[in-house]
Amino acid sequence: MNTVRKLFTILDTETRTCEKHGEYKANLICLRDGDRWSTCEQCQQEKRDAENRAEQERAAIEARRVSIEKRLGNACIPPRFQNKGFENYLADNEGQKRALAKCLRYADQFNENYETGKSLLLLGGVGTGKTHLANAIANKIIREQGRTALYSTVGNVLRLIRSTFNNSDTRELDIYQLFSDPDLLIIDEIGVQKSSEFELTALFDIINDRYENMLPTIIISNHGPSELPNYLGDRVVDRLREGGEAIGFDWTSSRTKEARA
Numbered sequence: 001m002n003t004v005r006k007l008f009t010i011l012d013t014e015t016r017t018c019e020k021h022g023e024y025k026a027n028l029i030c031l032r033d034g035d036r037w038s039t040c041e042q043c044q045q046e047k048r049d050a051e052n053r054a055e056q057e058r059a060a061i062e063a064r065r066v067s068i069e070k071r072l073g074n075a076c077i078p079p080r081f082q083n084k085g086f087e088n089y090l091a092d093n094e095g096q097k098r099a100l101a102k103c104l105r106y107a108d109q110f111n112e113n114y115e116t117g118k119s120l121l122l123l124g125g126v127g128t129g130k131t132h133l134a135n136a137i138a139n140k141i142i143r144e145q146g147r148t149a150l151y152s153t154v155g156n157v158l159r160l161i162r163s164t165f166n167n168s169d170t171r172e173l174d175i176y177q178l179f180s181d182p183d184l185l186i187i188d189e190i191g192v193q194k195s196s197e198f199e200l201t202a203l204f205d206i207i208n209d210r211y212e213n214m215l216p217t218i219i220i221s222n223h224g225p226s227e228l229p230n231y232l233g234d235r236v237v238d239r240l241r242e243g244g245e246a247i248g249f250d251w252t253s254s255r256t257k258e259a260r261a
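Just so you know, we're using the UniProt record's numbering here: the sequence shown kicks off at 1 and counts up by one.
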């Protein structure tokens with residue numbers, strides 16, 4: 001016969017009141033580390049349910065990360081950018097300090113930005129640190145928050161889509177889903193492409209899908225706000241600006257200064 005070990009002894013019982021759920025039966029329990037009164041069972045159950053939901057969300061995020069990396073065949077952030085962080089971004093002038101502060105705040109508040117689908121537009125000249133800061137955001141939310149993030153150039157986005165045209169093993173829908181899945185998507189080098197009808201449509205489909213599902217996107221371009229619609233289309237730019245933020249990078253290229261030194 002199996003014997004169930006009694007873990008505690010009830011010394012007394014009385015009716016108490018929970019501010020949220022009203023009256024409940026409380027037990028005075030004798031435990032090894034002392035006697036204590038039990039709390040509201042409904043509150044305890046709600047706490048357990050919240051912990052279970054949080055664990056399920058963490059598991060779902062990890063499953064998405066693994067799925068994305070498996071489909072890409074490599075890390076979500078390319079090796080060149082995996083060491084890019086806020087701590088090794090050189091901010092010498094006021095513009096750089098302002099951009100650094102805004103991007104760091106965006107990363108620190110990513111849970112709120114994720115809930116609202118807030119996007120960023122990093123716009124300015126070549127070599128001004130846009131890609132560095134975008135990947136610093138991605139690296140921070142991956143390492144500290146367990147989020148999923150994907151970096152890609154616009155050229156790579158378009159190549160992946162075109163690769164499905166004569167490939168029966170990969171569906172075009174699968175590629176679009178690849179860019180829809182991450183908590184944060186970064187698309188770099190906007191404005192390098194030719195802006196054909198196909199390219200504008202492809203970018204609209206990806207960004208619009210994320211917009212409708214309230215998923216944040218970071219767009220990086222060497223062009224200013226007035227030129228951006230030429231490479232993304234007016235509808236895409238409108239969606240990114242809605243509730244989003246544009247950060248200007250209007251200082252001299254650090255790569256140019258290094259070459260002159």
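A virtual CB, placed ideally from N, CA and C, is assigned to each residue, including glycine.
Query raised in the report: The beta strand (DSSP E) with residue 16 in it runs from where to where?
Result: Position 16 of the sequence shown, counted from the start, is the residue given in the question as residue 16. First-last of the beta strand (DSSP E) with residue 16: 9-18.
Query - Best match in 234, 95, 91, 213 for proximity to residue 182 [C-alpha to C-alpha] - result: Indexing the sequence shown from 1 puts residue 182 at position 182. With distances taken between Cα atoms, residue 182 lies closest to 213.
Query - Contact between the segment 189-197 and the segment 152-164 (3+ Cβ pairs under 8 Å) - result: yes
Query raised in the report: So, is residue 244 buried or exposed, given that buried needs 16 or more other C-beta atoms within 10 angstroms?
Result: Working through the sequence shown from its first residue, we reach residue 244 at position 244. Counting Cβ neighbours within 10 Å, residue 244 comes out buried, since at least 16 surround it.
Query - Whole-angstrom C-beta distance between residue 45 and residue 21, which should lie under 8 Å - result: Position 21 of the sequence shown, counted from the start, is the residue given in the question as residue 21. Position 45 of the sequence shown, counted from the start, is the residue given in the question as residue 45. That pair is no contact at about 10 Å.
Requested in this report: Answer yes or no: do residue 89 and residue 137 have a C-beta to C-beta separation smaller than 8 Å?
Outcome: For the purposes of this step, residue 89 is identified with residue 89 of the sequence shown, where counting begins at 1. For the purposes of this step, residue 137 is identified with residue 137 of the sequence shown, where counting begins at 1. One thing to note: residue 89 has its Cβ no nearer than 8 Å to the Cβ of residue 137.
**Report entry** N- and C-terminal bounds of the beta strand (DSSP E) containing residue 221
**Finding:** Within the sequence shown, numbered from 1, the residue matching residue 221 stands at position 221. Here the beta strand (DSSP E) through residue 221 covers 217-221.
Query raised in the report: Hey, residue 157 and residue 222 are a contact pair by Cβ (cut 8 Å); roughly how many whole angstroms apart?
Result: Numbered from its first residue, the sequence shown carries residue 157 at position 157. Numbered from its first residue, the sequence shown carries residue 222 at position 222. Wrong, their Cβ atoms sit about 17 Å apart, outside the cutoff.
Requested in this report: Confirm the yes/no value for this check: CB of residue 127, any heavy atom of the ligand ATP, distance under 7 Å.
Outcome: Of the ligands one can find in the structure shown there are none, so the ligand ATP has no counterpart to examine.
Query raised in the report: Tell me, which residues are paired with residue 249 by DSSP?
Result: Within the sequence shown, residue 249 is the residue found at index 249, counting from 1. DSSP lists 124 as partners of residue 249.
Requested in this report: Just tell me which of 233, 251, 37, 211 has its CA closest to the CA of residue 196.
Outcome: Looking up residue 196 in the sequence shown gives position 196. The shortest Cα separation from residue 196 among 233, 251, 37, 211 belongs to 233.
Query - Pairwise C-alpha distance: residue 141 and residue 95 - result: Along the sequence shown, read from residue 1 onward, the residue named residue 95 stands at position 95. Along the sequence shown, read from residue 1 onward, the residue named residue 141 stands at position 141. Near 24 Å, if we compare the C-alpha coordinates of residue 141 and residue 95.
Query raised in the report: For residue 37, which residues of its own chain have a beta-carbon under 6 Å away from its beta-carbon, when the five flanking residues on both sides are left out?
Result: Position 37 of the sequence shown, counting from 1, holds the residue named residue 37. Counting only Cβ-Cβ distances below 6 Å, and skipping sequence neighbours, we find 26, 28.
Query raised in the report: With a CB to CB cut of under 8 Å and the five nearest residues on each side skipped, what residues in its chain are close to residue 60?
Result: Taking the sequence shown and counting its residues from 1, the one referred to as residue 60 is at position 60. Excluding residues within five positions, none has a Cβ falling inside 8 Å.
Requested in this report: State the Cα-Cα distance for the pair residue 109 and residue 147, rounded to the nearest angstrom.
Outcome: The residue you call residue 109 lines up with position 109 of the sequence shown. The residue you call residue 147 lines up with position 147 of the sequence shown. Each residue's alpha carbon lies about 13 Å from the other.
**Report entry** Beta carbon proximity, residue 77 to chain B, threshold 8 Å
**Finding:** Protein chains in the displayed structure number just one, and chain B is not present.
Requested in this report: For residue 73, count neighbouring C-beta atoms within 10 Å of its own C-beta (all shown protein chains included) and say buried if the count is 16 or more, exposed if not.
Outcome: As a working mapping, residue 73 is identified with position 73 in the sequence shown. Its pLDDT being 42, under 50, residue 73 is placed unreliably by the model, and the measurement read from it follows with that caveat. Its Cβ having fewer than 16 others within 10 Å, residue 73 is exposed.
Query raised in the report: Taking just the CA atoms, how far does residue 186 sit from residue 180?
Result: For this step, residue 180 is matched to residue 180 along the sequence shown. For this step, residue 186 is matched to residue 186 along the sequence shown. Distance between the alpha carbons of residue 180 and residue 186 is about 11 Å.
Report task. Throw me the rounded Cβ distance for the residue 81 and residue 166 pair, which I believe falls under 8 Å. Result -> Position 81 of the sequence shown holds residue 81. Position 166 of the sequence shown holds residue 166. Not quite, the Cβ-Cβ distance comes to about 31 Å (not below 8 Å), so this is no contact.
Query raised in the report: Is it right to say residue 30 is buried, meaning 16 or more other beta carbons lie within 10 angstroms of its own, or is it exposed?
Result: The sequence position of residue 30 within the sequence shown is 30, counting from 1. When all chains shown are included, residue 30 counts as exposed.
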